[in-house]
Amino acid sequence: MPILNLDKLFYPRSVAVIGASNQEGSASNRVMHNLLHGGFEGPIMPVSNDRAIAGVLAYRTVDELPITPDLAVVCSTPLPSLESMRALAERGTRAAILIGHAPELTQPDAHNGTLRDAIRRCGLRILGPDCLGVMVPGIGLNASVAHVAAQPGGVAFVSQSSTVCASVLDWACERDIGFSHFISLGDTADICFGDVVDYLGNDQMTRAILLYVESIQNGRTFMSAGRGASRNKPILVIKAGRTPEGQFAATGERGIDGEDEVYDAAIRRAGMLRVYGFNELFSAVETLGRAKPPRAERLAVVSNGRGMGVMAVDTLILSDGRLARLSDKTLAALAPFLPAGRAPNNPVAFDEDAQPNHYGAVVKVLANDPEVDAIMVLHAPTSAISSTQAAEAVVHAQKETRTPVLTSWMGGFRVAEARHLFADAHIPTYDTPNQAVDAFVHLMRYRRNQEILIETPTSTPVDFTPSTTTARAMVAACIENGRNFVVGAEAAALLASYGIRSAEAHNARTPQEAVRLAATLGYPVQLQPAPRSGTTLPAPRRESATILETPEAVLAAATRLLRTTAANANGFSPERLIVQKATSSHGMHEGMIRVVDDPVFGPVIVFGHGGAACDVIRDRAVALPPLNTSLARELVARTRLYRLIQGHSEHPDADIDALCLALVQVSQMVIDLPELAALAINPLLIGNRGVFAADAQILIAQPKETSERRLAIRPYPKELEERFVLPNGRVVMLRPIRPEDEPAHHEFVSHCSPDDLRLRFFHLIRRLPHSEMARLTQIDYDREMAFVAVADKCDGVGSETLGVVRTITDLHNDKTEYAILVRSDLKGQRLGWKLMDKIIRYTKSRGTRRVVGLVLSDNRKMLDLVHRLGFTSHRVPDDDTMEVELDLETVTLAD
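For the sequence shown, counting from 1, position 34 maps to 70 in our numbering; every step adds exactly one.
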């Protein structure tokens, strides 16, 4: 129930305080004080044994309340019984804030599962327990025990920690920072980060969302909500517990090594921006709220002195930023503004006595250079010119350009007026050059994360076709035989079913058998003990790196391995060896791919530097599946190994496309095989002729969830594909839309007549821009769906899109709104009927209650179609449209 009844929590018309008290210093007394002094205009009704609380008439029980409160703030200790909470819900109250501690909300109950679940069944949403409460300054709501009231603003702050909430309130009040919502989640018995982010993502009063996160309960909900909301507004995250020790301090649970890297990957993939402190948090909000979004990441720096410019450039480059390379035309245009003998360059360095108009002129010159995506102007006050006049020149120049400008006017009272000028002009300004560069880095990282956000991947890449049936049969056989490790020949076969090449290997039980198998494989070979049953993959043994070139060497090594493993198994079988064809790594790089199961976000993919020392080098990056080749390349680029495999004096360029495909293939294994609990390919040899798995270990286990539910991001739902034949005999594939469909979608729109496009979009269009087409083809399958009808082109070269139908479902799953478009030259082929039938069957299978849509009143063909499908219609008042609706609960669809 993502946002069900959250409007009653954040915008209630009336509030009851359960357990209200006149006792000074009590939580209930503070809640009453805050409600009465916050400016809330609705009724505030205390429930107490006292006759009145703070001069307001009190009621002894909930039943005596004169009206049903939208929101109940529960302050009593112990908390009310389930019966009293149920009575509150039965009266119609739909939201409750539990201020006090309530361990019973998570402890199982013999009769009702948990008290939390029982209350949920009543339709009552719970914030807390053990929380500070909620403030919505825009409506005067302060339903909290906070010692300071939040000021009105456009930023929502959400935190699990009450003490962090209190500290941020103090910090923000001192700096005159306001909030649209200030929310303390507490122990998240019901309402969690995903629910709140979902709600705030569509809240008109909120322009940015700030999250202080200690832990996430449901990774799927968090990712889906974050991906949806971050398309509309910036979401910034502070994630506490970056180390296992810090995680234990925050949650009482010892975090695993690498857990913070998984959170980092999830935050990035959801299009959110991670920051590491409150100064950085609010600075980033200011930057994202004021600065124009840059086209790309190339920065030009202007300063009245070389020192500041050099410091800014150093900070930029060390933060993985890019300095703009100015064109010859720009360099020539800059020369007149520089001291004699100083060659123009980036950074552009004036003398201290540069005239104010020089600042504006240089900004204009740089803004006209297509190689410049943003401009940073730095100024230190001097006796030669007015800092205010220099600022005025920048403000005037900025009005004439779309290139974002950031400023830093260093100093104190002498630059105060200049800073006010920038603030009034909505130009971000900072106290120091380093702060200004950090702000630009926020813009840069936010832009990168937004690009990742729209890279919604497919489930089955077009570059390979996995042998899914073979792979599933192998996994089933392992489970049936009681084996949970797949190594050697079995691992090679499983990887081969997904197109990944690996070394040939066999299992041996005696030294003599190892010698015989080595002769069959051909020398040189390598030996390693086979893992025995367990719940984790054992660390690789050092002996596996030894190259054996003779039968005598194999016999001696096998005897030694079996003897030492029997004495100290350490996760390995004392009865089985793996004999593997040795692979030469000459001219190749050693990488590694791992799959690990994160307790919050499910399976994640790790790529990095491989070999025996990989855990010491710790050059690795993490990504959430599913991956496509673009996301795989971004994963690889976040490692230091990426720079090596791009080629240098001793190695040619590696085949990065093959590496990215291997990552996509592993991602597909994760999607198809829910039993895949862990995987390690180490080393993965990467060269200019492709990649090769020199060694692989796979852990198999019975899944706790289905393959699709294990993942934090829903993959391409291949199971929804179906084929049908048009009356003209053309075979059509009806399937969910994919990101790769964008070029075909542009071509599809070009085949639609202007009138058909008007009937679909309600206005005349010629061509959809990339940003809009990306939104149409790169969707979150958890929240929306689009089915495309695709067929081979008549000339047999490639395929084309013939039609599309899409729906967006509200977060309550009550109704879904459809839109449909069929190519103009394919009318009369019943394609529109087939698309509508597909979307109706899909939405009904999801439990959605209604399908609705808006149709222009002159679109007679569409109105006739939906009426035949059972839709009702009525005219929208004062508009030339018809609203159509289908009640899915009364519809029985034919097979």
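Note that the Cβ used here is the ideal one computed from N, Cα and C, for glycine as well.
Note that the structure is a prediction, hence the values are computed from the model and not measured.
Coarse secondary structure for residue i, derived from DSSP in three states
i	result
Thr437	coil
Ala737	coil
Glu333	coil
Thr492	With a pLDDT of 49 at Thr492, under the threshold of 50, the predicted position of this residue should be treated as unreliable, and no value is reported.
Ser216	strand
Arg578	No answer about Arg578 holds up, because its pLDDT of 45 lies below 50 and its placement is not dependable.
Tyr47	coil
Lys870	helix
Tyr482	helix
Ala52	strand
His415	strand
Asn148	Note on Asn148: pLDDT 40, under 50, position unreliable in the model; the coordinate value appears next. Asn148 falls in the coil class under three-state DSSP.
Gln425	helix
Arg519	coil
Leu762	coil
Lys897	helix
Tyr878	helix
Pro105	coil
Leu134	strand
Met121	helix
Residue i - containing alpha helix (DSSP H), residue span
i	result
Ser203	198-210
Phe797	790-797
Leu838	Run containing Leu838: none in the alpha helix (DSSP H); it sits in the beta strand (DSSP E), 835-845.
Ser195	Per DSSP, Ser195 belongs to no alpha helix (DSSP H); it is in the beta strand (DSSP E), 188-195.
Pro779	778-786
Val401	392-403
Leu236	229-237
Glu526	524-532
Thr257	255-265
Thr852	Where Thr852 is concerned, there is no enclosing alpha helix (DSSP H), although the beta strand (DSSP E) it sits in stretches over 851-858.
Val298	295-305
Ala368	364-370
Ala320	314-326
Val67	63-73
8 Å Cβ cutoff met for residue i and residue j
i	j	result
Val561	Leu597	no
Gly222	Ser203	no
Ala90	Leu72	yes
Val841	Met809	no
His848	Leu354	no
Val615	Ala550	yes
Ala385	Ser419	no
Val83	Gly55	yes
Gly230	Asn254	yes
Ser112	Pro79	no
Gly524	Phe500	no
Phe637	Ala265	no
Gly726	Asp691	yes
Residue i: first and last residue of the uninterrupted beta strand (DSSP E) it sits in
i	result
Ser180	177-180
Asp547	The question names Asp, but residue 547 in the sequence shown is Pro. Element bounds for Pro547: not the beta strand (DSSP E) but the alpha helix (DSSP H), 547-557.
Val806	For the record, residue 806 in the displayed sequence is His; it is not Val. His806 -> not in any beta strand (DSSP E); alpha helix (DSSP H) instead, spanning 806-813.
Phe728	726-729
Met81	80-83
Ala716	712-723
His625	625-634
Phe823	820-828
Whole alpha helix (DSSP H) elements within the stretch 336-362, 4-residue minimum: 342-354
Pairing CB atoms from the stretch 640-649 with CB atoms from the stretch 701-718, are three or more of them under 8 Å? yes
Fully enclosed by the stretch 900-927, which beta strand (DSSP E) runs are 3 residues long or longer? 908-911, 917-923
List in chain order: all unbroken alpha helix (DSSP H) runs of 4+ residues lying wholly within the stretch 428-480. 452-460
Length-filtered (3 minimum) beta strand (DSSP E) runs lying within the stretch 642-708: 656-659
Between the stretch 127-139 and the stretch 52-68, do at least 3 Cβ pairs fall closer than 8 Å? yes
Using a Cβ distance threshold of 8 Å, determine whether the stretch 780-788 contacts the stretch 879-895, with at least three qualifying pairs required. no
Count the C-beta pairs between the stretch 188-198 and the stretch 242-250 that are closer than 8 Å, then say yes if the count reaches three, no if not. yes
Would the stretch 362-376 count as touching the stretch 320-329 if we require 3 or more Cβ pairs under 8 Å? no
I'd like to know if the stretch 503-510 and the stretch 353-369 are in contact, where contact means that at least 3 CB-CB pairs between them fall below 8 Å. no
Stretch pair the stretch 254-272 + the stretch 303-311: three plus CB contacts closer than 8 Å: yes
Assess, as a yes-or-no matter, whether the stretch 397-413 is touched by the stretch 428-447 under the definition of 3 or more beta carbon pairs within less than 8 Å. yes
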